[in-house]
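Under UniProt numbering, the first residue of the sequence shown carries the number 1, and numbering increases by one thereafter.
Glycine residues also receive a C-beta, built at the ideal position from the N, C-alpha and C atoms.
Here the structure is a predicted model, which is why all the values come from computation and not from measurement.
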Amino acid sequence: MEQADQNHLNKFKEFIRKQDASISLQFKPAQAFFGNHLTELDADGTVAIRINRKNKLYMRIKFAGDPVIGYKTADVGLSFGHIDQIKLVDEEKDRPPVIIFTLSPGGFEQLDNVLPGLKDAAESSLRGSKPTSRMMMLSLGLFNEKDDDSHLQIGFNDQGLEYSKCTDFDNAKIILKDYISPVMLQHFKEKVAKKKDVSTVVPMVFVQEIDNQEFDVFLQRQRIVYQQRTSLFSRMSTYQNWHISIPLNSEAYSKGSAVGIAVRKPNKQHIEDFEKVGKLVRKRKIDEGLEKGDNGVQSSSSSSRKSSSSPPVSTQLKKSTIDVRGMAGYKLCDYPLKPIDGIDPVEISIKDVKTLDRKEFVNDAILAFMQNYIYIHRMNDDLKKRTVMCNTFFYPRLVRDLPQLCYSQRRPINLENDAQLEENLLKLHRWFKRYDLFGKDYMVIPVNEDLHWLLIAVINPAGAIIDLANENESRNAPKTYMLFMDPMSGLDPTKCNHMSYCVKRLLKRMYDLYKAPEKKYASANPTMYDESRVIVVRPKNIPIQDNFFDCGMYVLHYIEGLFCSPTGPITVNQIPTLDWAEHWPEAEKMCDLMRDKVYNLLNKTIGSDNRSRLAQYEQICRCGLSREGALRNGRRHSAPHPRRTPRHLDFYRRCYSLNPPNKNIINDEPMFTTPRGIAIMPLTQRVRSLRKPEEGFPLAY
Numbered sequence: 001m002e003q004a005d006q007n008h009l010n011k012f013k014e015f016i017r018k019q020d021a022s023i024s025l026q027f028k029p030a031q032a033f034f035g036n037h038l039t040e041l042d043a044d045g046t047v048a049i050r051i052n053r054k055n056k057l058y059m060r061i062k063f064a065g066d067p068v069i070g071y072k073t074a075d076v077g078l079s080f081g082h083i084d085q086i087k088l089v090d091e092e093k094d095r096p097p098v099i100i101f102t103l104s105p106g107g108f109e110q111l112d113n114v115l116p117g118l119k120d121a122a123e124s125s126l127r128g129s130k131p132t133s134r135m136m137m138l139s140l141g142l143f144n145e146k147d148d149d150s151h152l153q154i155g156f157n158d159q160g161l162e163y164s165k166c167t168d169f170d171n172a173k174i175i176l177k178d179y180i181s182p183v184m185l186q187h188f189k190e191k192v193a194k195k196k197d198v199s200t201v202v203p204m205v206f207v208q209e210i211d212n213q214e215f216d217v218f219l220q221r222q223r224i225v226y227q228q229r230t231s232l233f234s235r236m237s238t239y240q241n242w243h244i245s246i247p248l249n250s251e252a253y254s255k256g257s258a259v260g261i262a263v264r265k266p267n268k269q270h271i272e273d274f275e276k277v278g279k280l281v282r283k284r285k286i287d288e289g290l291e292k293g294d295n296g297v298q299s300s301s302s303s304s305r306k307s308s309s310s311p312p313v314s315t316q317l318k319k320s321t322i323d324v325r326g327m328a329g330y331k332l333c334d335y336p337l338k339p340i341d342g343i344d345p346v347e348i349s350i351k352d353v354k355t356l357d358r359k360e361f362v363n364d365a366i367l368a369f370m371q372n373y374i375y376i377h378r379m380n381d382d383l384k385k386r387t388v389m390c391n392t393f394f395y396p397r398l399v400r401d402l403p404q405l406c407y408s409q410r411r412p413i414n415l416e417n418d419a420q421l422e423e424n425l426l427k428l429h430r431w432f433k434r435y436d437l438f439g440k441d442y443m444v445i446p447v448n449e450d451l452h453w454l455l456i457a458v459i460n461p462a463g464a465i466i467d468l469a470n471e472n473e474s475r476n477a478p479k480t481y482m483l484f485m486d487p488m489s490g491l492d493p494t495k496c497n498h499m500s501y502c503v504k505r506l507l508k509r510m511y512d513l514y515k516a517p518e519k520k521y522a523s524a525n526p527t528m529y530d531e532s533r534v535i536v537v538r539p540k541n542i543p544i545q546d547n548f549f550d551c552g553m554y555v556l557h558y559i560e561g562l563f564c565s566p567t568g569p570i571t572v573n574q575i576p577t578l579d580w581a582e583h584w585p586e587a588e589k590m591c592d593l594m595r596d597k598v599y600n601l602l603n604k605t606i607g608s609d610n611r612s613r614l615a616q617y618e619q620i621c622r623c624g625l626s627r628e629g630a631l632r633n634g635r636r637h638s639a640p641h642p643r644r645t646p647r648h649l650d651f652y653r654r655c656y657s658l659n660p661p662n663k664n665i666i667n668d669e670p671m672f673t674t675p676r677g678i679a680i681m682p683l684t685q686r687v688r689s690l691r692k693p694e695e696g697f698p699l700a701y
């Protein structure tokens, strides 16, 4: 924090201690919930904490009118004597900070007098649960969209002049804990003294900070869903209550009656919707007309005709009305099931598993699933603490609104691009707020650009920092290595130049924000950042894909190869002479079988019920690795032996095998002009031995 901002904050704290009536502590909620009910605030949209004429703290909220419930626009002042507890939830990557106010029963009654109907709306969706309906959750927004540290605005009046400043949520937590909590304690003691109740126990904490796991439990109890952004480039995430329209054939609806989720009428994609059948509907109506006479009484002749010659219309209708598109969006699981520090949970649906089919591009959900699996099951606790696993949204946020390959060294650097990159870096700083990036040993960044997956791994980020007290020793220490691993052989240096430049700028900016002298994670001795000590390396003999659709599988092997070698994870001392073939001699074969490996792990994770639903979808759509037929060697013991006569097309075995597929399935269409074929050509190897790829090597793919 700058010195001027620190002086302003200290002055504000002094005015709080004096209980000056001019102080103002303002938040700007993006969303406000009372219990499960989403409440609209006024256009001003601010929640202010001030001191009234009686030197008592109160909170002022401007509510917008809600014609559905019945109350009108109101400016409400709520004393802190009617607030039992305040809970604080810190920001987490894309999730904004949250403040939860628990109102007392009397305070909630007074609020209902001003806003009639609000109490009933909050309690009805929670089945009359009064303690949970009295909780007001505020998801905080920013006062300045260009400044991610503007969640709080503090102001006061000093000698006739008004001062106002925006600050981050960390300072808001300090103010609420150290200065607002004692006031709440005093209000509580005064309330107990009026009642003359000696047996009342004073709460231990009035302002409490809760972690993400406790907050997830709170959201589940309140029946509020955190709606993450649905695309890589969407701007923000929101919260939603469960009182939304849900298709009948979805998992949320099937579990709704069990957990008490209120659901409205389904959409037109209902699994029993006969309007989509067309000719079969018309045929069914004709049959109904034959079954009934003029008086609507069924005749014996029509009954016999129906039993003998009429086709089984109902069975055909049931098979024809299956909503395959809605079925593809069925959620199979969340992985991991419980929140784990260091990784982000991922939601797996049937359409995600479908990307594991042969010749399909694997999507970000499957890659994140395997990345989480490696982190949880293949890395020990010490290695987890030394590793930063970035999710697939990280790199798109880093290069948002930047032209493609603008730092490829084939064109001059544009100042507008530099300004945009700097803005992106400032928005990413919250990702590294909870830990010291330069205290880690590994940073893994999966990248998807132009429908192609590749991997960037930063080894030993602290190697670029020079300790000025021991400069000679620091310069002789291992450097920072940036591994650029491209399954397309990396013959084109433009991508490497562009991406490595952006990641280098990221490291430099994070040092300035957190590791420089007098910053949050500053060292005891003075230090400086030397960007020339960041060396970009392409490991020798890394496997290269022999097609144009398996890049995601190779990236998963790169991540697994960094940490899961039989000799242990690859260290910084091994990087200068790293030969991938020495650690993984059969790397290319392992990459070819990665699809089956991920598919089998998913089948073990999703459970038997979801596994049956996945098999049903694969049978209907005739897709999936479990249906590769006679070319698969494995067979379940309970499965029938192969028949001499071919089976009916509507029948497929609902079983999957852990055995790898036949090689003919993987390489059924060999191509000469594959990335691997180009890389192993004698001419390519000769040229690469004479000229470095970074020195303007021409395009090769």
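Shortest Cα-Cα distance from Lys515 to any of Lys72, Asp436 and Tyr163 involves Asp436.
Here Ala122 is buried: its Cβ has 16 or more other Cβ atoms, across all protein chains shown, within 10 Å. Apart from sequence neighbours up to five positions away, the residues of its chain that approach Ala462 with a beta-carbon distance below 6 Å are Phe438, ordered along the chain. By a beta-carbon distance limit of 8 Å, Asn525 contacts Asp467. Their separation comes to about 5 Å.
Between Leu506 and Leu415, the gap from beta carbon to beta carbon reaches 8 Å or more. Here Thr577 is exposed. Its C-beta has fewer than 16 other C-beta atoms within 10 Å.
A contact is defined here as three or more CB-CB pairs under 8 Å, and the region 95-111 fails this definition with respect to the region 179-188.
Ranking Val458, Gly117, Arg400 and His498 by CA distance to the CA of Gln409 puts His498 first.
Each of Gln420, Arg411 and Ile154 was checked against the Cα of Asp401, and the nearest Cα belongs to Gln420.
For Leu38, the secondary structure class from DSSP, reduced to helix, strand or coil, is strand. Within the same chain, Cβ atoms closer than 6 Å to the Cβ of Asp334 are found at Pro345 and Glu347, the five residues on either side in sequence being excluded. Contact between the region 140-154 and the region 110-124 is not established, with fewer than three Cβ pairs separated by less than 8 Å.
The criterion of a C-beta distance shorter than 8 Å is satisfied by Ile559 and Val444. The beta-carbon separation of Lys62 and Leu41, rounded to 6 Å, stays under the 8 Å limit for a contact.
Under the DSSP assignment, Glu347 falls in the beta strand (DSSP E) whose first and last residues are Val346 to Ser349. Measuring C-alpha to C-alpha distances from Gln31 to each of Gln227, Thr684, Leu602 and Lys72 identifies Gln227 as the nearest. For Ile678, the closest of Gly329, His557, Phe548 and Asp450 by C-alpha to C-alpha distance is Phe548. Rounded to the nearest whole angstrom, the C-alpha separation of Val536 and Val572 is 13 Å. For Arg60, the enclosing beta strand (DSSP E) starts and ends at Leu57 to Phe63. In this structure, the CA atom of Ala21 is about 18 Å from the CA atom of Phe27. For Cys564, the three-state secondary structure derived from DSSP is coil.
Comparing alpha carbon positions, the residue from Asn363, Gln404, Met379 and Leu601 closest to Phe393 is Asn363.
The Cβ-Cβ distance between Pro487 and Val555 falls below 8 Å. Per DSSP, the beta bridge partners of Lys331 are Ser349. A Cβ-Cβ distance of about 25 Å is found for the pair Leu601 and Tyr395, leaving them out of contact under the 8 Å criterion. Annotation for Ile376: Pro336 and Ile340 place their beta carbon closer than 7 Å to its own, counting only its chain and skipping 5 residues before and after. For Tyr501, same chain residues with a beta-carbon under 8 Å away, outside a window of 5 residues either side, are Tyr407 in chain order. Where Asp178 is concerned, there is no enclosing alpha helix (DSSP H), because DSSP gives it neither an H nor an E. Residue pairing by DSSP puts Gly155 in a beta bridge opposite Ser24 and Ser164.
Taking 8 Å as the upper bound for CB-CB distance, Pro29 and Gly45 are in contact here, some 7 Å apart. By the Cβ rule, the region 324-332 counts as touching the region 602-615, because three or more pairs are nearer than 8 Å. As computed with DSSP, Trp453 is found in a beta bridge with Asn448.
For Leu483, there is no enclosing alpha helix (DSSP H); the residue is found in the beta strand (DSSP E) stretching over Thr480 to Met485. Beta-bridge analysis with DSSP links Arg95 to Glu92. Contact between Arg538 and Phe484 holds, since their C-beta atoms are separated by about 5 Å, short of 8 Å. A distance below 7 Å between beta-carbons, with the five flanking residues on each side excluded, links Gly81 to the following residues of its chain, in chain order: His187 and Lys191.
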